[in-house]
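Residue numbers (this note's numbering): 11 to 210.
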């Protein structure tokens, strides 16, 4: 499949998954959105173990409702809708494991921030996590095109290490660090743009 065909396919992914015959669309959906759901849950202070269980519940819920789903961007972003499903699934998960307690107690005991009951707060979380998710996808896609030293340099920059520390640890010049940084930023920017065109 060439890049133009790929973009054409991805651009209609949310429409394609309503077709029960298009199993490939569902695999693509899980590939692109599973990490986003996981990120939402981790931002909600849900443990890795519980998050893995809740992800399955979210994907099951989406699979049940998606075939009657009509995606209309003018009614809001799909990522916000998915964040709401995820938040509800998290609350249901903890409420079912702690019967006879209130929703407020459920949120407190499982660590889900109470303010996420607010629609606007949840939308903000959805937007923040989406940007982080796009970065993770992009870095996963482009990191293989750089050498080990470039990747280590970038990761150290992201960890807010100084150019002096990086140069000493990797045995490279500080000028090389800035060259690496520019190359990686340009590649990431291009890749994030490509992913946006495919799935937003």
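Note that CB positions come from ideal geometry on N, CA and C, so glycine has one too.
Please read all numbers here as calculations on a predicted model, not as lab measurements.
| request: Could you give the DSSP three-state label for residue 105: helix, strand or coil? | output: Here the question's residue 105 lines up with position 95 in the chain shown. Helix, per DSSP.
| According to DSSP, is residue 182 helix, strand or coil? | Working through the chain shown from its first residue, we reach residue 182 at position 172. The answer is coil: DSSP assigns residue 182 none of H, G, I, E or B.
| query | According to the neighbour-count rule (16 or more other Cβ atoms, all chains shown, within 10 Å of its Cβ), is residue 139 buried or exposed? | reply | Counted from its first residue, the chain shown places residue 139 at position 129. Burial call: buried.
| Cutoff 7 Å; reference residue 49; Cβ partners in own chain excluding five residues on either side | Against the chain shown, residue 49 aligns to sequence position 39. Setting aside the 5 residues that flank it on each side, residue 49 is surrounded in the same chain by 139, 142 and 143, each with a C-beta closer than 7 Å to its C-beta; the list follows chain order.
| said: Counting C-beta neighbours from all protein chains within 10 Å, is the total for residue 97 16 or more, i.e. buried, or is it exposed? | reply: Taking the first residue of the chain shown as position 1, residue 97 is located at position 87. The residue is buried, with at least 16 neighbouring Cβ atoms inside 10 Å.
| task | Would you tell me roughly how many angstroms separate the C-alpha atoms of residue 149 and residue 156, rounded to the nearest one? | result | By one-based count along the chain shown, residue 149 stands at place 139. By one-based count along the chain shown, residue 156 stands at place 146. Residue 149 and residue 156: Cα-Cα distance of roughly 11 Å.
| said: Just to confirm, is the Cβ distance from residue 24 to residue 88 under 9 Å? | reply: By 1-based counting over the chain shown, the position of residue 24 is 14. By 1-based counting over the chain shown, the position of residue 88 is 78. A contact, by the Cβ cut-off of 9 Å.
| field | Coarse secondary structure for residue 169, derived from DSSP in three states | value | Here residue 169 refers to the residue found at position 159 of the chain shown. Coil at residue 169, not helix or strand.
| field | Secondary structure of residue 60, DSSP reduced to three states | value | For the purposes of this step, residue 60 is taken as the residue at position 50 of the chain shown. Residue state, collapsed to three classes: helix.
| query | Any idea if residue 72 is buried or exposed, counting beta-carbon neighbours within 10 angstroms, 16 or more meaning buried? | reply | Translated into positions along the chain shown, residue 72 becomes position 62. Residue 72 should be labelled buried.
| Within 9 Å, strictly: CB atoms of residue 194 and residue 160 | Here residue 194 corresponds to residue number 184 of the chain shown, with the count starting at 1. Here residue 160 corresponds to residue number 150 of the chain shown, with the count starting at 1. Yes. Within cutoff.
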